[in-house]
Amino acid sequence: MTVHGGIGQSIKRKEDARFIRGKGNYVDDVQLPGMLYLDIVRSPYAHALIKYINIEKALKVPGVLAVIRGKDLDAAKLAWMPTLMSDTQMVLPIERVMFQGQEVAGVVAESRYAAADGVAAVEVEYEPMTPVVDPKKALEPGAPVIRWDKEKKTNHIWHWEVGDRKATDAALKASDVTVTQDLYIPRIHVSSIETCGCVAAFDAMGKLTVWMTTQAPHAIRTVFALVAGLPEQKIRIISPDIGGGFGGKVPVYPGYVIAVVAALKTGHPVKWVEDRSENLQSDSFARDYHISAEIGATKDGKLTALKVKTIADHGYTDAAANPSKFPAGLFHIITGSYPFQKAFVEVDGVYTNKPPGGIAYRCSFRVTEAAYTIERLIDMLAQKLRMDPAEFRMKNFIPQQAFPYKSVLGWEYDSGNYGPALRKAMDIVGYEALRKEQLEKRKRGELMGIGISSFTEIVGAGPSKTFDILGLKMFDSCEIRIHPTGKAIARFGTKSQGQGHETTYAQILAEELGIPAEDIAVEEGDTDTAPYGLGTYASRSTPVAGAAAAMAARKIREKAKLIAAHLLEVSPGDLEWKDHKFSVKGLPSKAKTMQEIAFAAYTNHPQGMEAGLEATDYYDPPNLTFPFGSYICVVDIDKDTGEVKVRRFVAVDDCGTIINPMIVEGQIHGGLTMGFAAAMLEEMQYDEHGNLHGGTFMDYLLPTAVETPRWETAKTTTPSPHHPIGAKGVGESATVGAPAAIVNAVVDALSHLGVTHIDIPITPWKVWGLLHEKGAA
Amino acid sequence: MELEGSFTVRAPKDRVWSFFMDPFALSSCISDPHAIEVVDEDHFKGWVKAGVAFIKGTFTGSATIAERVPPERARIKAHGAGMGSAFDADSTIQLSEAGNETTVRWKADVVLNGTIASMGARLLKGTIDKKTNEFFENARKKLEGG
Amino acid sequence: MVEAEVRMPEEAEVGPFVRIHVTVNGTPREAEVETRTLLVHFIREELRLTGTHIGCDTTNCGACTILLDGKAVKSCTILAVQADGRQIRTVEGLAEDGKLHPVQEGFVEEHGLQCGFCTPGMMMTTVALLAKNPNPTEDEIRHAIAGNLCRCTGYVNIVKAVQYAAKKSQGGGSK
Amino acid sequence: MIPPRFEYFAPSTLEEAVEILGRYGGEAKVLAGGQSLLPVMKLRLAEPKALVDINRIPNLSYIREEAGGLRIGSTARTNDLNDSDVVKRRYPILSDAAAVIADPLVRNMGTVGGNVSHGDPANDLPACMLALGAAFVVRGPKGTRTIPASSFYKDTFVTTLEPDEILTEIQIPKPKAGQGNAYEKLEKRAGDFPIVGVAANLILGANKKIESAGIGLTAVGPTALHAKAAADSLVGQAPGDAAFKRAADLAMKLAEPVSDLRGPAEYKRAMVGVFAVRALRTAAKRAGGGA
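Residue numbers (my numbering), protein chains in the order written: chain A, 2 to 778; chain B, 127 to 272; chain C, 9 to 183; chain D, 41 to 331.
Here you go:
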């Protein structure tokens, strides 16, 4: 007997009802009486001294009430703020600007239009300084040191390494075959269709409420309390409906702080909403990893060792939203799906005159960089060994019996079964037939390629012993209240941005409590009502908050069992939870449903027992979860133009127990599309003066429905042994796994010409250039 | 953006020199609407309304004669801000006389930052180039004419 | 306390203004707007119909798509005054007396939305498409929505949602 | 992004519109579809003192074929070209182009007149107009005059249109027997500005030889380029790759692309060659000349 909306059912989403009616409530929809608007003056220079800021004309613009400058904030010690990586970031500059598009002053006005006019009227005189744009040049002796405010007079931020350098070098030396490759994973921008913004308001009691596009409202509240010195009970962060996050809405952006200051100064609510060019120019970016890697194998194709050196361009401050102990995120998942005996990884963080950020592109902490690198190298090695890339992977996968598997770089993979996933993808796509077709096409001089990516993800940060952000442990939470009529409300520390939490959380609870999903209201994002949690990013909601839901529900069941025993006049020991109700062992007809028990909890509970039926759980995961998958991409290439057409893309994912198959598939479709975007289209290009070229959607091209491949999805199911319902995260797997499959397919199409690598994004002119170089065009 | 060019005029070096040292003479070589104000003999400020067709805005800025080796060589630095952008031009002129002709060799390093560089590149590419050449072409005409 | 110059507003001339009359989702509306007022701001802030969203400002993303005299257009790149005397239909005007439009139904049934931000624009484009081409092929659908960017769904289920709506509409569903 | 302030006029006659433009002497801008103008104003890269909205002027948005050929009113929307049966049947090059201008929503607002008169070298229709030997009827204070497309484009955003003149009609010669044409565009992504675009128009004589030809290039110069030498090289030739490749080479020589986000110059130049051949092949096929 199943409960309606329980685990495994593709029920329709609860949240859709408001979205399809245009009744969503996004930040820009929030309207308060007397609300003012903030607009921001931004720097045209990537690196310059500010000589003066003249606000006279701006203040004369009708409707303009105030202009806020760095020196104004300095008085309140708010000109600088800490980043999530304990670096420092300017809210507004006092003496220097560090990237093109940096906030320089805030103009507060009665309308959006007046604020924009005010921004145009602010006069700033700069003295240009030499910008540092290339992170490699930034490390050269004599390079201008851009962080004048730091003790350490260098652009080098930190060095991080893991693994055994000596042993790895030795193993590579001893390898029959090695491949060395530089890979650049360019800076890209997450560009959720809703930009960032907030509405800040103080009430008569001095309580601050901020409606904010944030994926982590609770952490934001604490950061505000620490930075602004406001008592935490007087701060309420409300994260309303979010128009896509993908990590771009984790950081605290200067605009939020300026809006709060403006509200304080003017005594009016203040709204700030970025336009798209501001979003592209100044919000958190992703990637920007300059990688040099070496991989080795024996001549019969057994992997031996992996060595990776990376220069990470962080912009002018390290504001990557990583767990604090992991400056390079979880990049050391880079051994991927393979049992390397020896590996060494090092990363150096570097300052440049670019906006800060890092990781915000639907990617769990640098895992895309890792998966892309290893899956590219595996293909290059197979190519060098003249082995089929599928066969080569099959030969080297971590065997199923090895799980839980301890990787040489220190992770314990919870569960995996890689071979069947790849085999399934091969069967669906018709791998062997495609290889035949490829041979025939090559004879005719036509270019087609088949690319594989068998990635391992790492999500669900994370265990408190190692995972925290600014000291806040990365647990998450669920609080359930069952009402007398057997309906329920559940609140969480996470915040959905399209993932469908209102539906999936209700499904977990339905399964655990025997209450239909439609009878369970799910709330998130209001720090005054929801239990504390670290928020939604890095595919952590299901692994952490989803687990909290199950655990809180089980606490409810504990108490419910006592009430059921009381009602049935048996001892709790005689009861079992079966078919979503408590029944007497061997006497299934003698049973109480959760609805009956809930009513009793308020009307007829045992003497000495507290009334009510509520529970809260703060879940500290014992380990992360390790979703995986095998993707196969088939491309055709136009020899004349270098255009790449993705003919087919088959994605087999394994994210453990699936709560709502419809939603999981949707997440995979979206992730695949962002992986495709990074592989084929997107790159933030800066000129030598530090100007971002393409600071609007006219030039920064997101995929449309036309070129986006017709995704084919399938699954295998390998539950997580440590997660209460066996679930793993899935939101980012596809973004992590897709790029390598696409690039591998393109390189495979050109491999017979001697092509071994192409950096993303794969533009037609890059392919055309290679074809010319190899005399094949 | 590095630009350079040269032209020869039938005029003595000294006249060419004084022409380039005269802010109002120079100002007369700017075809866009503008105004110039002399702060002192080495410093000028003013505004110019520049762009292509309807894509134009007003830039306010200043110019400085950074170096003068009469009547041989001069270096002029100009800076302007407008349209959410800024331009910085560092230009040198080098004069050489042959008979009754003077040859002017000019170099200009023009850097554009901000909105135009970032979002208007597709729209305004080549404009700076045109404007700069136009400026020196006007100078040539004036020197020839006078 | 933060120090900065604050200036109280004074009654200075703004504008110029024009008076416009439009019919929005069947209801006549009249307002005085600044000539530069963008239609999307008029709809969101003057009419308080916030289902129409703003995503890019440069007529690329289509989050602001509405129907103007039945044609799908991007309201962030149209002046409110250009709509004077014309018919505007927004997402709020899709459902009729509580009954969902087949397009709305399609997006729910086929999971054609995730964050919901591009959804109103996407649905308005779909309504216009189906009015013109009641039975579009997948290729026609994908080209028809090329001016509406979605960052969440990968478009697969949006295509299915449109196909669902097409079938449903022909099965006599409201148009 | 908020545009700066401006005066707004919606005249109901061309005379009135011209008079207003004259009054503002270059500081006023015609508002047709606004799909190029408004984004530039929102970026505050343009601050016209006044906008003259010509959409309220009656009888300016027609598409009809007359004895002389196709007549397109300047406020006809680019999507109207897609919907027009006569265009599809007899001027397919315009359907080719209209189908790849930005996206369907932009095409519902953007006008044919705006596309050809904006002076953006990345617009698709100018190259077609050059290939077809179209002419533009403009109205000014001194009445109307007709400007051949081949002498219309001066520089980026600069045309022979005076500040107080308005494009009112586009005239395209009636197709002859044995005429075929096509527009081929290479784009980085659907709806993006072209990397390159090539428009080709061929007229085959009774002897199946090319009697006359026209070629226009998009996005490889300060304006749309009229590849006259390339087109002339085809005259008297039999349609086919030999002749097409020669013409393509001449078109490549004419092109002066710049390296930018849409590719390096040498790639764009090479693509002019590839797309010239493709456009000519399609044109020849449509002309009934096989190839």
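The C-beta atom is built at its ideal place from N, Cα and C for all residues, glycine as well. This one's a predicted model, so the numbers in the text were calculated from it and none came from an experiment.
Cβ pair residue i, residue j closer than 7 Å
i, j, result
"residue 308/D", "residue 260/D", "yes"
"residue 360/A", "residue 321/A", "yes"
"residue 156/C", "residue 133/C", "yes"
"residue 399/A", "residue 371/A", "no"
"residue 656/A", "residue 742/A", "no"
"residue 169/C", "residue 114/C", "yes"
"residue 25/C", "residue 38/C", "no"
Where the alpha helix (DSSP H) containing residue i begins and where it ends
i, result
"residue 1/A", "No information on residue 1/A is available, as it lies outside the stretch 2 to 778 that chain A covers here."
"residue 322/D", "305-326"
"residue 79/D", "77-82"
"residue 62/A", "Neither: residue 62/A is in no alpha helix (DSSP H) and is coded neither H nor E."
"residue 504/A", "502-514"
"residue 185/A", "Note, residue 185/A: premise wrong, no alpha helix (DSSP H); beta strand (DSSP E) at 178-190."
Nearest candidate by alpha-carbon position, reference residue i, set the options
i, options, result
"residue 85/D", "55/C, 54/C, 102/C and 66/C", "66/C"
"residue 271/A", "109/A, 93/A, 705/A and 653/A", "109/A"
"residue 241/D", "119/D, 138/D, 99/D and 132/D", "132/D"
"residue 206/A", "198/A, 231/A and 218/A", "231/A"
"residue 204/B", "16/A, 82/A, 506/A and 128/A", "128/A"
"residue 162/A", "308/A, 778/A, 388/A and 744/A", "308/A"
"residue 175/D", "245/D, 102/D and 208/D", "208/D"
"residue 38/A", "262/A, 473/A and 447/A", "262/A"
"residue 319/D", "270/D, 276/D, 306/D and 300/D", "270/D"
"residue 118/D", "141/D, 169/D and 245/D", "141/D"
"residue 237/D", "211/D, 194/D, 314/D and 293/D", "314/D"
"residue 198/A", "546/A, 149/A and 283/A", "283/A"
"residue 268/B", "196/B, 244/B, 136/B and 128/B", "136/B"
Nearest-angstrom beta carbon gap, residue j and residue i [assumed within contact, 8 Å]
i, j, result
"residue 627/A", "residue 317/A", "About 34 Å; that fails the 8 Å criterion."
"residue 68/D", "residue 92/D", "6 Å"
"residue 170/D", "residue 190/D", "6 Å"
Run of the beta strand (DSSP E) containing residue i, from where it starts to where it stops
i, result
"residue 199/A", "198-203"
"residue 611/A", "From DSSP, residue 611/A is part of no beta strand (DSSP E); its letter is neither H nor E."
"residue 169/B", "169-178"
"residue 182/B", "181-195"
"residue 244/B", "Per DSSP, residue 244/B belongs to no beta strand (DSSP E); it is in the alpha helix (DSSP H), 241-245."
"residue 479/A", "477-483"
"residue 647/A", "645-655"
"residue 1/A", "What is shown of chain A runs 2 to 778, which leaves residue 1/A out entirely."
"residue 99/C", "No beta strand (DSSP E) contains residue 99/C, which DSSP labels as neither H nor E."
Are three or more beta carbon pairs between the segment 11-25 of chain A and the segment 41-61 of chain C nearer than 8 Å?
-> yes
Three or more C-beta pairs closer than 8 Å, one from the segment 527-537 of chain A and one from the segment 235-252 of chain A: is that the case here?
-> yes
Is the segment 490-499 of chain A close to the segment 458-469 of chain A, with three or more CB pairs under 8 Å?
-> no
Mind the definition here: the segment 725-734 of chain A touches the segment 94-101 of chain C only if three or more C-beta pairs lie below 8 Å; say whether that holds.
-> no
Are the segment 590-604 of chain A and the segment 494-501 of chain A touching, with three or more C-beta to C-beta distances below 8 Å?
-> no
At least three beta-carbon pairs within less than 8 Å, the segment 638-652 of chain A to the segment 703-716 of chain A | yes
Is it true that the segment 108-125 of chain A meets the segment 286-300 of chain A, where meeting means three or more beta-carbon pairs spaced less than 8 Å apart?
-> no
Taking three-plus beta-carbon pairs below 8 Å as touching, is the segment 63-70 of chain A in contact with the segment 296-307 of chain A?
-> no
Answer yes if the segment 324-337 of chain A comes into contact with the segment 191-208 of chain A, meaning at least three C-beta pairs across the two stretches below 8 Å, and no otherwise.
-> no
With contact counted as at least three CB pairs below 8 Å, one residue from each stretch, are the segment 633-647 of chain A and the segment 603-623 of chain A in contact?
-> no
Taking one C-beta from the segment 704-713 of chain A and one from the segment 674-690 of chain A each time, how about it: are there three or more such pairs within less than 8 Å?
-> yes
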